[in-house]
Structures are given as structure tokens and as C-alpha cells.
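Participant:
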Amino acid sequence: MKRPRSLGEAEQAVMDYIWSHGPASAEECRKGLDASWPMKDSTMRTVLLRLERKGYVTHTVEGRAYLYRAAENQVSVAARAVKHIIERFCGGSAEQLLIGMVQHDVLSAKQLERLVETVRKRKRQRK
Numbered sequence: 317m318k319r320p321r322s323l324g325e326a327e328q329a330v331m332d333y334i335w336s337h338g339p340a341s342a343e344e345c346r347k348g349l350d351a352s353w354p355m356k357d358s359t360m361r362t363v364l365l366r367l368e369r370k371g372y373v374t375h376t377v378e379g380r381a382y383l384y385r386a387a388e389n390q391v392s393v394a395a396r397a398v399k400h401i402i403e404r405f406c407g408g409s410a411e412q413l414l415i416g417m418v419q420h421d422v423l424s425a426k427q428l429e430r431l432v433e434t435v436r437k438r439k440r441q442r443k
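Numbering-wise, the sequence shown is residues 317 to 443 according to this note's numbering.
1) What do you reckon, are the CB atoms on residue 367 and residue 327 nearer than 8 Å?
2) Going along the chain, which residues of its own chain have a beta-carbon closer than 8 Å to the beta-carbon of residue 334, five neighbours each way excluded?
3) Are the CB atoms of residue 381 and residue 357 nearer to each other than 8 Å?
4) For residue 361, collect the residues of the same chain with a Cβ closer than 6 Å to its Cβ; drop the 5 residues on either side in sequence, then sort them by chain order.
5) Comparing C-alpha positions only, which one of 439, 393, 436 sits nearest to residue 332?
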């Protein structure tokens with residue numbers, strides 16, 4: 317499995333913006349993140365270039381501007397990162413990860429209920 321490339325905080329903020337708003341120019345990203353991540357236009361372009369080199373975004377030319385799109389959806393990226401964590405820190409055992417999350421109260425009661433219900437549904441589907 318390909319190891320996910322890590323994201324810095326600014327890169328993560330830009331990816332979150334693109335995932336939630338869809339394709340965007342550097343200017344749209346900069347304006348959209350200005351309250352939480354104020355940065356100069358040149359800095360935003362550098363962040364987007366790094367994201368492109370890491371494989372998180374692609375771009376197309378629209379008129380005189382680059383339009384950046386997520387190369388993968390957020391769920392796929394998260395799933396790959398979790399698989400990496402399972403392989404690296406849990407000896408390849410997803411069960412070990414889930415048990416650890418339950419034992420260390422990582423999940424809220426509501427999240428735990430949803431997880432249990434999802435497992436029940438999946439078990440019924442497999443019969």
C-alpha cells in the first residue's frame with residue numbers, strides 16, 4: 317500500500333476547503349480561508365503547488381487562472397491514512413485499532429452506538 321504523504325496544517329486547511337467547496341482557484345481558496353488562515357497570494361500558490369506535488373490536488377487552466385480539484389475524495393484519503401496506521405502501529409489488525417479506540421474512550425457514546433449498529437447491519441448482510 318502506498319504510504320499517504322503527510323499534510324502540514326495549512327495544507328490540511330486548504331484540502332478541507334477544496335473538499336467542502338469543490339474546485340477552486342488560489343484566490344478563492346485564499347479568500348475562503350482568510351478568517352482562519354490568512355496568507356498572501358504567493359503563499360497560497362505555494363501551498364497548492366506542494367499539494368499537487370504530493371498528489372492531493374490536480375489543476376486545470378480556466379481562462380487565466382488555475383482551478384484546483386481534489387485528486388481523491390476525503391473518505392478515500394482518510395481510509396488510506398487509517399490503513400497505514402493499522403499496518404504501522406497495530407500489526408495489521410483493524411480489530412486492535414477498534415478495541416483500543418473503545419477502551420480509551422476515543423468514541424463518544426453516540427459514535428459507539430452507530431458503530432455497533434453498522435456492525436450488526438453488516439453481519440446481517442453477510443448471512
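Backbone N, C-alpha and C fix where the C-beta goes; we use that ideal spot for every residue, glycine too.
Facilitator: Based on what the coordinates show:
1) Reading the sequence shown from its first residue, position 51 is the one you call residue 367. Reading the sequence shown from its first residue, position 11 is the one you call residue 327. Yes, they are a contact pair.
2) The residue given as residue 334 occupies position 18 in the sequence shown. Excluding sequence neighbours, residue 334 sits near 340, 345, 373, 384, 385, 386.
3) What you label residue 381 is simply residue 65 of the sequence shown in a count that begins at 1. What you label residue 357 is simply residue 41 of the sequence shown in a count that begins at 1. No.
4) The residue labelled residue 361 in the question sits at position 45 within the sequence shown. Answer for residue 361: 342, listed in chain order.
5) Your numbering for residue 332 matches position 16 in the sequence shown. The shortest Cα separation from residue 332 among 439, 393, 436 belongs to 393.
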